[in-house]
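Visitor: My questions all concern the structure below.
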Amino acid sequence: MSPNDYDEKRAYHRMKVDTPITFSLNGQAQVTHQAISKNLSASGLLIQSEFAPAQNDKIEVVMDTGNDRFSPFIIQGRVLRVEADIEAEEQYLISISIEQSQ
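The numbering of the sequence shown is my numbering, which starts it at 3 and goes up by one.
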């Protein structure tokens, strides 16, 4: 199956979003990691980070809007997949299933 076939079968369109974010794992809000969001859909988020969480970790992602009028976008979800980023040394691509957002 070609990558185009796979993309066409997605239930939701993905939006490219290159925004700095922070994330914490398994309810440990005092320990945060830095990342860049890569794309966003109604059901998932792809981020890039130097830190590789474990598959199935609970994750909370905070995306600052950069505008005082708008609250940060907060996502709670679960890590679906973690892969080495072949285009960026010492970076990981982390796929997240969104369970709740605010």
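Built from N, CA and C at the ideal position, the CB exists for glycine as well.
(1) Taking the beta strand (DSSP E) that F25 falls in, what are its first and last residues?
(2) Compare the Cα-Cα distances from S103 to each of S73, E85 and H15 and report the closest residue.
(3) E62 and S26 look like a contact to me (Cβ under 8 Å); what is the Cβ gap, rounded to whole Å?
(4) Could you check the C-alpha separation between G29 and S45 for me, to the nearest Å?
(5) Is M17 buried or exposed, if buried means 16 or more other CB atoms sit within 10 Å of its CB?
Guide: Reading off the structure:
(1) Counting from 1 along the sequence shown, the entry for residue 25 is found at position 23. Where F25 is concerned, the enclosing beta strand (DSSP E) stretches over M17 to L27.
(2) The residue given as residue 103 occupies position 101 in the sequence shown. Nearest C-alpha to S103: S73.
(3) As a first step, residue 62 must be located in the sequence shown, where it is residue number 60. As a first step, residue 26 must be located in the sequence shown, where it is residue number 24. Sure, about 5 Å apart at Cβ, within 8 Å.
(4) For the purposes of this step, residue 29 is taken as residue 27 along the sequence shown, with counting starting at 1. For the purposes of this step, residue 45 is taken as residue 43 along the sequence shown, with counting starting at 1. About 21 Å.
(5) Position 15 of the sequence shown, counted from the first residue, corresponds to residue 17. Flag for M17 reads exposed.
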